[in-house]
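FYI, the numbering for the sequence shown is 1 to 636, going by the UniProt record's numbering.
Glycine residues also receive a C-beta, built at the ideal position from the N, C-alpha and C atoms.
Predicted model, so just to flag it, every value in this text is computed and none were measured.
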Amino acid sequence: MSMYQDEFRRSIDHPEAFWAEQARRIPWFTPPTTILEYDEAGHARWFVDGELNLCHAALDHHVDQGRGDQPAILWDSPVTDSKRTLTFAEMRDQVARFAGALRSLGVEKGDRVVIYMPMVPEALVAMYACARLGAVHSVVFGGFAPHELAVRIEDAEPKVVVAASCGVEVDRVLPYKPIIDAAIEQSSYKPEACVVFQREQHRAELGTIDHDWAALVEKAEPADCVAVKGSDPLYVLYTSGTTGKPKGVVRDTGGYAVALTYSMDTIYDVAPGDVFFSASDVGWVVGHSYIVYAPLLRGCTTVVYEGKPVKTPDAGAFWRLISEYRVKSFFTAPTAFRAMKKEDPDAKLMAQYDISCLKALFLAGERLDPPTFHWLDDLMDVPVIDHWWQTETGWPIAANLQGLEPMPTKAGSATVPVPGFNVQVLDREGEPVAPMEQGSVVIKQPMPPGCLTGVWGDPKRFHSAYMAAFPGYYLTGDGGYFDEDGYLFIMGRTDDVINIAGHRLSTGEMEEVVGAHPAVAECAVIGIHDALKGQLPVGLVIPKDGFEGREADLEEELIALVREKIGPIACFKQVLVVDRLPKTRSGKILRKLLRNIADGKEFGVPSTIDDPASLQDVHEAMKERSVGTAHEARQV
Ligand SMILES: CCC(=O)SCCNC(=O)CCNC(=O)[C@H](O)C(C)(C)COP(=O)(O)OP(=O)(O)OC[C@H]1O[C@@H](n2cnc3c(N)ncnc32)[C@H](O)[C@@H]1OP(=O)(O)O
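Below, the structure is given as structure tokens:
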């Protein structure tokens, strides 16, 4: 039996013994005696009676162990032309002071704090300060519009909002305060206070509930770490579902600490003192797990990058960072490399930097398409590793385990299930399918430590969204298959969630926004293939009877509406006004058929279609407006 097989079998056959052993590596205040138990709904709970504090485990503990002078954070911000280093000791002290500042505003264990910040060290300080107090943070990505922020404030009911005065994109400064004010205005729940970290690129005007970060910290007493139970929530992170309202994924503390520590050795093969660089954003789960928590928990240094893969200043940005900070393990989304490949197809800029420090390149956030894989594989002297996971799982479900047993890679595959994840592929009836046959990818209970423990404030949705489809299994929402060698291939979502530049967004939510326009009678939003961003949304709209405006104006208004309600990252830039949409006789819009046409595939006329001529109409409209590769689609 290979090392991988042995470890995987132990994790599945004896999960309690396996994870009890891993849990010994965490500096608990009180080690757990109960390793695994099930709640009344049958969901796994890990380390419920252990006591710890994640901020202590990631900062104070390492300072106590002699790592105080080691850089914890290397901040690099080409968009503001700034760099800064924070050691573990400096980070601990800043976090303790900011935790004291939050406490002075009444934040205590269990209270929620919404954080709306760009990629600045203070975002990490705010997250760790919450962890230090046992408060639950909810970080909202800066590319979301006020409405999205309002939905999250309404749901999480934070006592305090922590924000920066602005974000900085490549070509513009984005004041955050108007976004926050509008969100609080729209939310029926009102936070008591807002702490604003003032940046020199744009200083915000403060209102009645607002506090200046620096002034508040100046008079704050440092706060000590508060002991929390292993099963107490560390954070809530919202992710798109199939409907308008995002789901608040709840992460526990103990299971997360154990799982992240395990992943740093087993998957990423890094040790204390190594430099880890994850080019994502603190607003996504990759940011939470592999910018903020895992590297510091493991005693590594984390690179915090406020910039893009291209244009800041060029497609050599990542190579520069890897070389300058001697990065050992690098992680980003495939879309970033597609952007670099477009600007520098032969990767000439790479030759300007010594990247011999790099030992492996990891990709996730969306499927690593074979052309991008091959481009990287030909270019790099190190393993190029696609791995697959989700906001819900918090850490990788399938990977090529560099610290356990590196395996040959296969283009299009995330390699094998990570120990702890009993991944299966089921057909519609819930029966396992044979190798090479596609089906629903599920995880047999119990999920390992670190995975979601619920949907914030909505246990019914937790059950209906994830647990109800196949009793005893967690539904990932992805489709895929195992090959004959046990390699897992993830092929894409089986629901209406799409992936735009590594961002998970809901077409259902976009339909709600578009459908709310007074001139729209009916609409469908579909995700179509895009060579750069993976997928892009396209709206198809039937105007109300009597609509007399210009179609082009309506299209423009709808594009602006989605940008205003969801945000620029929705990349909603194409709308077609049509007379009818292909539907079944029961009135269901044939979205998959629309996607196939837009993606240039062959399509048949389903026997259930109500009006076959509607297909031709839509196909013609798509061709005329150059939607995707509709010109290549052929009716068979
Ligand atoms: C494994 C578990 C997971 O899946 S966690 C999620 C992992 N995903 C990721 O890490 C995301 C990876 N993608 C990226 O980092 C970016 O998309 C990269 C590749 C860098 C490209 O960035 P960019 O050129 O800005 O394109 P984009 O499609 O992201 O943005 C579209 C529009 O939105 C804007 N935007 C972006 N970020 C922000 C922000 N923080 N604040 C405000 N606005 C933002 C962009 O400027 C762009 O706007 P515009 O439409 O051009 O005006």
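Inter-residue Cα distance where the pair is residue i and residue j
i, j, result
"residue 143", "residue 119", "12 Å"
"residue 370", "residue 402", "21 Å"
"residue 21", "residue 212", "45 Å"
"residue 25", "residue 473", "29 Å"
"residue 565", "residue 149", "10 Å"
"residue 139", "residue 280", "14 Å"
"residue 359", "residue 374", "18 Å"
"residue 567", "residue 188", "21 Å"
"residue 160", "residue 614", "51 Å"
"residue 608", "residue 619", "18 Å"
"residue 508", "residue 66", "51 Å"
"residue 255", "residue 18", "13 Å"
"residue 38", "residue 428", "27 Å"
"residue 247", "residue 399", "26 Å"
"residue 626", "residue 9", "51 Å"
Candidates the options: closest to residue i by CA position
i, options, result
"residue 176", "162, 234, 216, 426", "162"
"residue 225", "14, 528, 542, 55", "55"
"residue 325", "340, 356, 348", "356"
"residue 606", "88, 590, 491", "590"
"residue 166", "158, 208, 186, 115", "115"
"residue 135", "81, 598, 99", "99"
"residue 603", "322, 631, 588, 626", "631"
"residue 415", "253, 32, 243, 368", "368"
"residue 164", "198, 29, 532, 535", "198"
"residue 137", "231, 530, 251", "251"
"residue 59", "132, 425, 16", "132"
"residue 364", "160, 406, 490", "490"
"residue 547", "517, 293, 531", "517"
"residue 82", "305, 587, 7", "305"
"residue 230", "53, 429, 239", "53"
"residue 157", "428, 113, 39, 173", "113"
"residue 641", "339, 390, 270, 351", "Because the chain spans 1 through 636 in this model, residue 641 falls outside it and cannot be assessed."
"residue 240", "493, 334, 471", "493"
"residue 179", "445, 141, 465", "141"
"residue 438", "481, 444, 453", "481"
"residue 585", "600, 597, 610", "610"
"residue 244", "624, 505, 600", "505"
Proximity test, residue i beta-carbon vs ligand 3 heavy atom, cut-off 6 Å
i, result
"residue 336", "In terms of ligand content, the structure shown lacks ligand 3 and carries ligand 1 instead."
Close Cβ partners of residue i (< 8 Å) along its chain, the five nearest in sequence each way excluded
i, result
"residue 514", "520, 523, 525, 539, 541, 558, 561, 562, 575"
"residue 70", "62, 87, 88, 273, 299, 301"
Neighbourhood of residue i by C-beta distance below 7 Å, restricted to the same chain and skipping five residues each side
i, result
"residue 503", "569"
"residue 617", "578, 579, 580"
"residue 555", "575, 577"
"residue 217", "97, 98, 101"
"residue 220", "97, 100, 101, 104"
"residue 654", "Residue 654 lies beyond the stretch modelled for the chain, which goes from 1 to 636, so this question has no answer here."
"residue 68", "87, 88, 89"
"residue 7", "404, 419"
"residue 573", "559"
Residues bridged to residue i [DSSP beta-bridge criterion]
i, result
"residue 584", "609"
"residue 554", "Paired residue(s): none; residue 554 is not in a bridge."
"residue 523", "541"
"residue 309", "DSSP, once it has assigned bridges, lists no residue as partnering residue 309."
"residue 637", "The structure shown does not extend to residue 637, since the chain is modelled only from 1 to 636, so the question has no answer here."
"residue 505", "498"
"residue 635", "603"
"residue 656", "The shown model of the chain, from 1 to 636, leaves out residue 656, and the question about it has no answer."
"residue 167", "174"
"residue 45", "37"
Other residues of its chain near residue i: CB distance less than 6 Å, five sequence neighbours each side excluded
i, result
"residue 168", "79, 80, 201"
"residue 530", "536"
"residue 12", "422"
"residue 343", "310, 315"
Residue i at chain D interface by Cβ criterion, 7 Å
i, result
"residue 327", "No chain D appears in the structure shown, which is made up of a single protein chain."
Legend entry - Inter-stretch contact (C-beta, 8 Å, three-pair minimum) for the segment 311-318 and the segment 102-118: no
Inset, instruction - Decide yes or no for the touch test of the segment 294-310 against the segment 408-419: beta carbon pairs closer than 8 Å, at least 3 of them. - result: no
Legend entry - Cβ pair count under 8 Å reaching 3, the segment 254-271 against the segment 390-401: yes
Inset, instruction - Answer yes if the segment 68-78 comes into contact with the segment 44-53, meaning at least three C-beta pairs across the two stretches below 8 Å, and no otherwise. - result: no
Inset, instruction - Could you tell me whether the segment 456-464 touches the segment 401-415, using the rule of 3 or more Cβ pairs below 8 Å? - result: no
Inset, instruction - Give a yes or no on contact between the segment 432-443 and the segment 86-101, applying the rule of three or more CB pairs nearer than 8 Å. - result: no
Legend entry - Cβ pair count under 8 Å reaching 3, the segment 526-538 against the segment 494-502: yes
Legend entry - Inter-stretch contact (C-beta, 8 Å, three-pair minimum) for the segment 481-488 and the segment 280-292: no
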